[in-house]
Amino acid sequence: MTEKMDRPTRRLLRDADGLIRMWLIGATVVALAMLAGPNRWFGAVLLAMLAAGLILNATVLRDGVPVTASTQPDLHALVRGVAAEIGAKRKVDVRLTARVEVRARATRLRRELRIGYPLLAFVTRAELRGLVAAELTLLERPDARLATRLRDRWAASQPDTAADEADRALLAPHAAALLPDLDKAAVAAAGGPGVAARAYALVRTGAFEYALYLDDNRGPGPGSGILDWDDGWRRLLARGIGDLEWSAEDAASLADAHPGLVAQLRWLGTRSWPLKAASEPVPLAPLTARQRTWLARQTWRISGPRFVRWTTFDAAPGEWWQQRATRQATEYRKLAAEVSGGLGSIPGDDVEVVRVLAGVDEQPAKESGTVSTFGVLHAAGVLVEDALLRRGWTLSHPAVRGELVGPDGQRVDPRAIRSAVAEGAQGYPTLRTWLNRA
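Residue numbering for the sequence shown follows my numbering, starting at 11 and increasing by one per position.
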């Protein structure tokens, strides 16, 4: 692939590393020049800072935490076993990251396989084997740096989109030569095309749901964060996440990136399925305190030596979750007022807010300011949560939205809220009993 790639295609695949490398070389030249002149002390300091930055970036500040036979024996054994099956010989550093991913990364200095800690909660061993096999196949190539950028650029582009048409025309022949081999490796390691396709679909939907989960559970300010973020994620998956934002269009987009799994992915696009805890996950050893803190910083995107007031879901002040519900409820009320104001009426209470948003969702044409079915259900859950928390109810767990316990043991859960919304006008009296703030 490398030998046949023309200069325009190589230029298209050029990553930011090249620009950063040019700046580093320039700064080093300036520092060395200063050493020979009157500003040699400043040059020495600049050179020391550059060296320290490179060392820190290559060691301490690397993404994720290492996966070794001693830190994560089961995961390490799975990766090594898959590597042996496909005949991979190259040295690969395996890192456990804070994202939903199984991703190859290749630089001039190293080849990495990044496996997301949150992903391991909802993929089975077979599905993970398929994902790992495809990435190791990519890393085994002599042109892995170029191949990984090609794969990522092709996956990020959109078929039948004018903005990406020229780029895709350049990349198409190279993608056609690369991608089928990756899918074949995934199918062989996973045990079948259906398992491999489901693994890729889970990564796509899981990344979306995990982003929503993080948005729901971040601390109230930049100086605070949840340390046991993974516990809340597992609790949410144990309940199961229905009404996934997954459609035939999503399946078609994913199939474009996996030509060897087109039929299976398109079939999945016609099905409704929940995201839930895996039945046979790969066991993970407990994280050390240092590893947990490092992954928590990356989870909440806390960079630099910033002080963070860490807490857990159980120890976090109840006011956090009341403020969260009130803030989100206010946003939904504003949206309903904007939509209904254009129709000549303003919602009189929160039941009317749900009615307005449900009516918007039923419109055949999705325009700016409309919400999806997921948005209606989330809005109803947020409004119920806001009202009941004000009346002394508590969340069964802050990560599981809409699941509340009353002072006398009464319970409300997302299924009950979903049923009340689905019943339309017949369910509004039930909603009103929850949404009444008195």
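Every residue gets a Cβ at the ideal spot worked out from N, C-alpha and C, and that includes glycine. All values reported here derive from a predicted model rather than from experimental measurement.
Rounded C-alpha distance that separates ASP240 from SER234: Looking up residue 240 in the sequence shown gives position 230. Looking up residue 234 in the sequence shown gives position 224. Their backbone Cα atoms lie some 16 Å apart in a straight line.
What would DSSP say about THR380, mapped onto helix, strand or coil? Position 370 of the sequence shown, counting from 1, holds the residue named residue 380. At THR380 the pLDDT is 46, less than 50, meaning the model places this residue with poor confidence; the figure from the coordinates comes in the next sentence. In this structure, THR380 counts as coil in the three-state DSSP scheme.
DSSP three-state call for VAL75: helix, strand or coil? As a first step, residue 75 is located in the sequence shown; it is residue number 65 there, counting from the start. Looking at VAL75 - three-state DSSP - the assignment turns out to be strand.
For the alpha helix (DSSP H) that ILE251 lies in, which residues bound it at each end? For the purposes of this step, residue 251 is taken as residue 241 along the sequence shown, with counting starting at 1. Neither: ILE251 is in no alpha helix (DSSP H) and is coded neither H nor E.
Cutoff 9 Å: ARG121 Cβ touching any chain D Cβ: Note that chain D does not occur in the displayed structure, where there is just one protein chain.
Who pairs with ASP191 in a beta bridge, going by DSSP? Here residue 191 is taken as the residue at index 181 of the sequence shown, counted from 1. Paired residue(s): none; ASP191 is not in a bridge.
With DSSP run on the structure shown, which of helix, strand or coil describes ARG105? Your numbering for residue 105 matches position 95 in the sequence shown. Looking at ARG105 - three-state DSSP - the assignment turns out to be strand.
ALA248 versus PRO183: straight-line alpha-carbon distance, rounded: As a working mapping, residue 248 is identified with position 238 in the sequence shown. As a working mapping, residue 183 is identified with position 173 in the sequence shown. Cα-Cα distance, rounded: 43 Å.
Applying the criterion that 16 or more other CB atoms from any shown protein chain within 10 Å of the CB defines a buried residue, is GLU122 buried or exposed? For the purposes of this step, residue 122 is taken as the residue at position 112 of the sequence shown. When all chains shown are included, GLU122 counts as buried.
Alpha carbon of LEU129 to alpha carbon of GLU111, nearest angstrom: In the sequence shown, residue 129 corresponds to position 119, counting from 1. In the sequence shown, residue 111 corresponds to position 101, counting from 1. About 7 Å.
For LEU119, is the classification buried or exposed, using 16 other Cβ atoms within 10 angstroms of its Cβ as the cut-off for buried? Residue mapping note: residue 119 aligns to position 109 of the sequence shown, counting from 1. Under this definition LEU119 is an exposed residue.
Segment limits, alpha helix (DSSP H) that includes VAL318: Stepping through the sequence shown from its first residue, residue 318 is reached at position 308. Taken as a continuous stretch (DSSP letters only), VAL318 belongs to no alpha helix (DSSP H), as it is neither H nor E.
Rounded C-beta distance between VAL386 and VAL431? I'm assuming under 8 Å. In the sequence shown, counting from the first residue as 1, residue 386 sits at position 376. In the sequence shown, counting from the first residue as 1, residue 431 sits at position 421. About 6 Å separates the two Cβ atoms, so the contact holds.
Go ahead and pull the three-state DSSP assignment for SER261. Within the sequence shown, residue 261 is the residue found at index 251, counting from 1. According to the sequence shown, residue 261 is Ala rather than Ser. Note: ALA261 maps to helix in three-state DSSP.
Could you name each continuous beta strand (DSSP E) segment of 3 residues or more that falls completely within the stretch 120-176, going from the start of the chain to the end? 121-126
Please name the residue or residues paired with THR404 in a DSSP beta bridge. As a working mapping, residue 404 is identified with position 394 in the sequence shown. DSSP output for THR404 lists VAL415 as bridge partner(s).
Taking just the CA atoms, how far does ARG161 sit from ALA267? Taking the sequence shown and counting its residues from 1, the one referred to as residue 267 is at position 257. Taking the sequence shown and counting its residues from 1, the one referred to as residue 161 is at position 151. Between ALA267 and ARG161, the C-alpha separation is close to 8 Å.
Stretch pair the stretch 193-206 + the stretch 140-150: three plus CB contacts closer than 8 Å: yes
Contiguous alpha helix (DSSP H) assignments of at least 4 residues, all confined to the stretch 271-355: 272-278, 299-309, 328-352
To the nearest whole angstrom, what separates the beta carbons of VAL349 and VAL361, a pair I think is in contact under 8 Å? For this step, residue 349 is matched to residue 339 along the sequence shown. For this step, residue 361 is matched to residue 351 along the sequence shown. With 8 Å as the limit, VAL349 and VAL361 do not qualify as a contact, their Cβ atoms being about 15 Å apart.
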